[in-house]
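As structure tokens, the structure follows; a few thoughts come after it.
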Amino acid sequence: MPSAASVRQPIVTLRGISKRYGELLANDGIDLTIEQGEVHALLGENGAGKSTLVKILYGVVEPSAGEIVWRGRPEVIDSPVTARRLGIGMVFQHFSLFDELTVAENIAVALSGKWSLADVRAKLRDVSESYGLALEPDRAVWTLSTGERQRIEIVRCLLQNPRLLILDEPTSVLTPQESERLFFTLDKLASEGVSILYISHKLEEVRRLCQRATILRAGRVVATVDPKAKSAREIAALMVGSEVGEVRSAPAETAQDTLLDIRDLTMGPASLHGKRLKGINLAVQAGEVVGIAGVAGNGQSELFAALSGERLASRADAITILGKACGNSGIDARRRIGGAFVPEERLGHAAAPTHRLSENTLVSHHANGSVTRLGFLTLGRARDLAASVIASFDVRAPDGDPQARKLSGGNLQKFVIGREMIREPKVLVVDQPTWGVDAGAARLIRQALVDLARKGSAVLVISQDLDELFEISDRMAVIHDGHLSATKPTRAWTREAIGLEMLGAAPGQGKTHAA
Amino acid sequence: MLLELVPRQNVSPVMRAVAPVAAFVTAFLIAGFVIWLLGRSPIAAFQVYVTGPLQDPWALQELLVKATPLALIAIGLSYCFRANLWNIGAEGQYVIGAIFGGWLALRTQGTEAGAWVLPAMMALGILGGALYGLIPAFLKTRFGVNEILTSLMLVYVAQLILDYLARGPWRDPKGFNFPQSVTFDPAATLPPILETGRVHYGAVFAVIAILLTAVIVGRTIFGYRLRLTGDAPRAARFAGFSLKSTTLAAFAISGGLAGLAGITEVSGQIGQLQPTISPGYGFTAITVAFLGRLNPLGILVASLVVALTFIGGENAQILLRLPLDLTQAFQGMLLLCVLAADALVTYRVRFAGRGARA
């Protein structure tokens with residue numbers, strides 16, 4: 000392979016790529032050139048068209064118009080098989096691995112051509128060593144962390160000797176330390192002449208990793224910039240199309256009443272590969288936002304289900320809301336005391352996709368009688384309620400009262416958060432408040448969370464987005480393997496300390512909960 | 000060549016409304032073809048099946064008589080199907096309802112029991128059907144057993160119980176060994192609405208059940224609970240609705256209405272218990288429920304339309320010597336066409352010529 004220093008040649012050029020889905024133009028005349036050996040970022044909000052574009056490049060989606068020139072020759076990439084044959088590899092955000100098979104078996108399954116398991120093991124060792132992708136060939140996948148699973152996907156691609164590697168938001172599931180190791184691997188690949196198309200909406204890592212960044216907005220290329228030469232703020236402005244403000248957060252006042260009290264909460268896993276909650280203690284006071292960080296799958300959804308009452312604890316005093324022990328009472332009882340809950344999944348959990356927004360207010364409001372009378376629904380009041388949520392939380396809805404699934408992710412998230420906020424709950428528990436949401440909506444949601452706390456409510460935010468937690472939390476804790484770390488004021492945490500807790504490697508933590 | 004179903008971006012309301020009609024026409028065309036293969040004229044068959052009964056006053060009454068159990072059972076099934084619970088055993092709940100209510104009719108036989116007998120029989124019919132419907136519901140909520148299998152298998156249990164009773168302990172001693180009970184007293188017989196007519200009060204029950212269901216499903220928390228459970232089960236749990244109690248309630252209502260259909264049929268139509276008291280109403284009602292899109296008004300219309308195929312089938316047997324099985328085959332075809340039409344409204348078909356697609 001030529002060295003990176005030689006004159007750079009485009010590995011792939013996209014010309015006028017468009018993709019139409021019915022009314023929606025997901026990609027609108029996109030031009031993009033990726034050079035050999037460069038790490039090229041594709042930046043944009045959710046719905047900007049990034050996923051569609053890479054799916055076209057990987058042959059999953061057929062473009063409506065435009066051409067792809069691969070190493071100087073126009074090519075029709077009609078399937079992922081063709082893409083892999085040309086030398087394009089892709090690591091998806093959601094892994095396609097068989098949980099019960101071993102690492103080596105998972106890799107062998109995906110390889111075209113004749114590979115024996117022994118070949119795979121040998122090759123795996125080579126690739127692992129040269130790129131710092133540590134993997135044990137004979138471990139079953141379900142025992143691995145998310146970071147290790149991602150490495151399997153990467154190794155799968157590398158064994159096909161790709162010339163272009165596409166990664167779709169690879170660090171969204173990683174700890175800072177794991178991300179750092181991934182960056183090392185990517186740098187090494189690029190130095191050997193492999194081109195990398197890196198999709199992300201985390202500006203800092205793009206600046207760390209990429210030579211050029213193409214920014215998409217509403218299906219179009221708005222700019223291609225050198226991310227190191229621009230400030231994060233400037234890039235964010237390009238992505239959103241307007242200046243991004245910061246969340247205002249006044250310092251918390253002196254000690255307040257405890258509104259949400261979790262005492263020695265222990266609960267078995269709900270599913271086979273679920274997590275056990277191990278003696279969780281946490282007190283959230285009036286007027287503060289407490290953040291819980293952690294890598295996905297360490298007990299966050301179990302903790303949320305226990306706090307919301309979707310799963311019941313064995314002891315009532317495991318969870319106390321506004322002084323009432325309610326660990327063994329259901330979600331409606333907790334709502335009546337003054338609790339409000341927003342789960343991670345917008346569609347299907349927080350809201351019914353095919354129900355109108357007015358009907359979706361019933362999900363969390365039927366319990367306190369504001370949209371019902373004597374067992375009957377008062378749909379007029381539900382419509383009024385939906386309308387006021389839409390107005391006060393800037394929900395952009397296609398028509399007056401659309402089905403929930405017709406809303407974009409950000410707008411639906413504003414709706415489900417607004418639906419709870421409008422009751423001014425004294426205790427609010429939110430799981431991943433801005434997951435997959437555009438920057439504008441994320442800022443509005445974070446501001447609303449902080450404002451609610453400043454009005455005297457207790458707000459608990461579970462999130463995998465560290466930047467978000469540092470921005471809005473007064474105090475923070477880390478969940479790892481179902482165990483919650485000590486809660487400390489946000490300014491007492493460093494990113495490194497958080498990262499160590501996320502890995503379960505913090506000093507003095509190690510052995511105590513391994514038993 | 001591969002066929003792919005791609006979800007439509009926008010589902011047109013016109014298509015949605017036309018789909019059941021299109022399904023019906025398609026089913027007729029297929030049936031016509033089968034009849035042609037059997038060497039009969041499809042046009043004559045159409046006259047016998049559809050236009051004939053609609054012009055004959057006796058047949059029009061018969062239409063309402065047959066539509067009554069179909070509508071009652073189907074409206075009950077709509078509670079289960081809305082919540083994505085698959086009660087396939089309405090036929091069995093119908094039979095048990097008839098047995099429970101019939102027991103009282105036989106117990107009070109020849110006594111001077113008053114006007115309370117008939118309402119009590121109806122109540123027992125509802126109770127019997129509901130209890131029998133609760134068996135698969137309980138097995139599902141307690142042990143996670145698939146309700147499709149249990150509810151279906153319990154149909155055969157119910158039929159065998161009725162068979163045993165009609166041939167054994169409840170057989171009319173003066174009935175020349177025919178496997179049937181004594182004929183019910185007038186006090187235990189559901190009267191016709193018009194003195195000279197054949198349409199009994201079960202038709203009124205069906206209309207009431209349909210109207211009540213329209214209000215319950217559309218306007219009450221309970222109806223909302225059913226819809227949310229069916230459309231988004233996790234959201235239903237998040238709303239605080241336990242799947243367990245929803246399952247039990249939906250099966251109880253569904254079974255209760257099937258039981259009511261059973262006792263009204265026995266008391267208003269047949270007049271005694273015998274081994275066979277249904278030409279498969281409990282199964283055909285599944286078609287009715289889907290043909291009516293689980294909508295109360297739709298079910299009312301669908302029950303009349305499907306009742307027509309029962310009468311047409313009897314006529315065709317007499318006039319054209321077509322087997323009665325053809326009617327059942329037609330009803331099955333109708334259900335398939337309805338489901339296919341529904342799928343084609345929500346999805347469009349794409350022919351993917353190329354082989355490899357990830």
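Line by line, the protein sequences are chains A and B. Using numbering that gives the first Met the number 0, the first residue of the first sequence is number 0, and each one after it goes up by one. Using numbering that gives the first Met the number 0, the first residue of the second sequence is number 0, and each one after it goes up by one. Ideal Cβ placement from N, Cα and C applies to all residues, glycine included. Please read all numbers here as calculations on a predicted model, not as lab measurements.
Kindly indicate the opening and closing residues of the beta strand (DSSP E) around residue i.
i, result
"GLN284 of chain A", "276-284"
"ALA212 of chain A", "211-216"
"GLY15 of chain A", "9-20"
"HIS39 of chain A", "38-42"
"ARG381 of chain A", "Reading the sequence as shown, one finds Ala at residue 381 of chain A and not Arg. Here ALA381 of chain A belongs to no beta strand (DSSP E); instead the alpha helix (DSSP H) covers 378-391."
"THR345 of chain B", "THR345 of chain B -> not in any beta strand (DSSP E); alpha helix (DSSP H) instead, spanning 324-345."
"VAL5 of chain B", "1-6"
"ILE269 of chain B", "Where ILE269 of chain B is concerned, there is no enclosing beta strand (DSSP E), given that its DSSP letter is neither H nor E."
"THR223 of chain A", "219-224"
Can you tell me whether residue i is helix, strand or coil according to DSSP?
i, result
"ASP316 of chain A", "helix"
"ALA349 of chain A", "coil"
"SER129 of chain A", "helix"
"ASP167 of chain A", "strand"
"ALA295 of chain A", "coil"
"GLY31 of chain B", "helix"
"THR101 of chain A", "strand"
"ILE87 of chain B", "coil"
"LEU257 of chain A", "First, the amino acid is wrong: residue 257 of chain A is Thr here, not Leu. THR257 of chain A falls in the strand class under three-state DSSP."
"PHE177 of chain B", "coil"
"LYS187 of chain A", "helix"
"SER194 of chain A", "strand"
Span of the alpha helix (DSSP H) holding residue i?
i, result
"ILE336 of chain A", "330-336"
"ARG442 of chain A", "438-453"
"SER77 of chain B", "56-81"
"ASP230 of chain B", "220-230"
"SER253 of chain B", "242-264"
"ILE471 of chain A", "465-471"
"LEU411 of chain A", "408-420"
Enumerate in chain order the residues of its own chain whose CB-to-CB distance from residue i is below 8 Å, with the five nearest sequence positions on each side excluded.
i, result
"THR140 of chain B", "LEU242, LYS243, THR246, LEU247"
"GLU189 of chain A", "Note that residue 189 of chain A is Ala in the sequence shown here, rather than Glu. Excluding residues within five positions, the ones whose Cβ falls inside 8 Å are ALA3, GLY36, GLU37, VAL38, ILE195."
"THR377 of chain A", "VAL370, THR371"
"LEU346 of chain A", "PRO352, ALA403, ARG404, LEU411"
My assumption, with CB atoms under 8 Å, is that residue i sits in contact with residue j. Please give the rounded CB distance.
i, j, result
"TYR155 of chain B", "GLN92 of chain B", "TYR155 of chain B to GLN92 of chain B, Cβ: 13 Å. No contact."
"SER17 of chain A", "GLY65 of chain A", "6 Å"
"LEU264 of chain A", "ALA312 of chain A", "6 Å"
"LEU116 of chain A", "ALA109 of chain A", "LEU116 of chain A to ALA109 of chain A, Cβ: 13 Å. No contact."
"PHE237 of chain B", "HIS348 of chain A", "6 Å"
"GLY279 of chain A", "LEU483 of chain A", "Note on identity: in this sequence residue 279 of chain A is Ile, with Gly being the wrong assignment. Yes, ILE279 of chain A and LEU483 of chain A are in contact; Cβ-Cβ is about 5 Å, under 8 Å."
"VAL415 of chain A", "ALA476 of chain A", "Rounded, the Cβ-Cβ distance is 24 Å, inconsistent with contact."
Pick from the options: whose alpha carbon is nearest that of residue i?
i, options, result
"PRO226 of chain A", "A:LEU132, A:THR213, A:GLN255", "A:THR213"
"LEU259 of chain B", "B:LEU123, B:LEU28, B:ILE29, B:THR25", "B:LEU123"
"ASP137 of chain A", "A:GLY146, A:ILE153, A:GLU104, A:ASN160", "A:GLU104"
"ARG148 of chain A", "A:ASN160, A:GLY439, A:LEU134", "A:LEU134"
"LEU307 of chain B", "B:PHE27, B:LEU4, B:LEU1", "B:PHE27"
"VAL283 of chain A", "A:ARG418, A:GLY455, A:GLU191, A:PHE183", "A:GLY455"
"THR101 of chain A", "A:GLY88, A:VAL119, A:HIS93", "A:VAL119"
"ARG150 of chain A", "A:LEU163, A:GLU128, A:ARG162", "A:GLU128"
"ILE153 of chain A", "A:PRO175, A:TYR130, A:ALA139", "A:TYR130"
"CYS79 of chain B", "B:ALA288, B:THR219, B:ARG7, B:TYR280", "B:ALA288"
"THR174 of chain A", "A:LEU52, A:LEU85, A:ALA292", "A:ALA292"
"SER266 of chain B", "B:GLY51, B:LEU36, B:VAL64", "B:VAL64"
"SER357 of chain A", "A:ALA332, A:SER387, A:GLY368", "A:SER387"
"GLN446 of chain A", "A:LYS187, A:ASP393, A:PRO397", "A:ASP393"
"VAL59 of chain A", "A:ASP473, A:ILE318, A:GLY88", "A:GLY88"
"PRO73 of chain A", "A:LEU85, A:ARG211, A:VAL126", "A:LEU85"
Within its chain, find whatever has a CB closer than 7 Å to the CB of residue i; leave out the 5 residues flanking it on each side and keep chain order.
i, result
"ILE269 of chain B", "ILE276"
"THR228 of chain B", "ALA82, ASN83, ALA235, PHE240, LEU242, THR245"
"ASP30 of chain A", "LEU13, ARG14, GLY15, VAL220"
"GLU168 of chain A", "GLN92, ILE198, SER199"
"ARG70 of chain A", "ILE10"
If I measure Cβ to Cβ from residue i and keep anything under 6 Å in the same chain, skipping five residues before and after, which residues do I get?
i, result
"LYS487 of chain A", "none"
Any Cβ of chain D within less than 7 Å of the Cβ of residue i?
i, result
"GLY347 of chain A", "Although the question refers to chain D, the structure presented lacks it and instead comprises the protein chains A and B."
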